[in-house]
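I have placed the structure first, in the form of structure tokens, so that the comments after it can refer back to it.
Here it is in structure tokens:
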């Protein structure tokens, strides 16, 4: 297991999650002054969202196979992790490192397009939540989850505007 995730392949070369590649690129942006531009940040987030949708992530599950969640700020958050290394930090942060954690691999798109609407309350995805500022949240808003469950669209499961 490598720092920032990924497993070694048969040649011993470490494969990293593509989500980490994006995060590394964002940190080394050659034009840091543009990161304060809201449009630039929206474009960066759109790239991250697209990568998340195409990437398999690890979702810890309970005994019945349901994704583990937390309720915070009126939103239910499904926990997801970019790799086993990120997942392993989660139980440690919770003080539950001694027990085994079952998980499933889900495509990010499946989480956003199928799991979130199935919850029935405002719901988003918290990626790598044990990593502090390096974690990412995908809130239940238009452009991230289906409009039918986006809280900022009339008819969504949350407080419509």
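In full-length UniProt numbering, the protein residues as written are 1 to 161.
Built from N, CA and C at the ideal position, the CB exists for glycine as well.
Since we're looking at a predicted model, the values are computed, not measured.
Is DSSP giving residue i helix, strand or coil here?
i           : result
residue 86  : helix
residue 58  : strand
residue 68  : coil
residue 26  : At residue 26, the pLDDT of 40 sits below 50, so the modelled position is not reliable; the number obtained from the coordinates is stated separately. Here residue 26 sits in helix by DSSP.
residue 126 : strand
residue 99  : coil
residue 47  : helix
In the DSSP output, what is residue i paired with across the bridge?
i           : result
residue 142 : 145
residue 81  : 58
residue 76  : 71 and 123
Are there 16 or more other CB atoms within 10 angstroms of the CB of residue i, so buried, or fewer, so exposed?
i           : result
residue 122 : buried
residue 108 : buried
residue 140 : buried
Our contact map puts residue i next to residue j with C-beta atoms below 8 Å; I'd like the distance itself, whole angstroms only.
i           : j           : result
residue 117 : residue 149 : 5 Å
residue 105 : residue 68  : Between residue 68 and residue 105 the Cβ distance is about 15 Å, and since that is not below 8 Å, they are no contact.
Nearest to residue i by alpha carbon, out of the options?
i           : options             : result
residue 48  : 153, 135 and 152    : 135
residue 113 : 138, 133, 90 and 91 : 138
residue 100 : 110, 88 and 66      : 88
residue 111 : 98, 102 and 56      : 56
residue 128 : 146, 91 and 142     : 91
residue 79  : 93, 72 and 60       : 60
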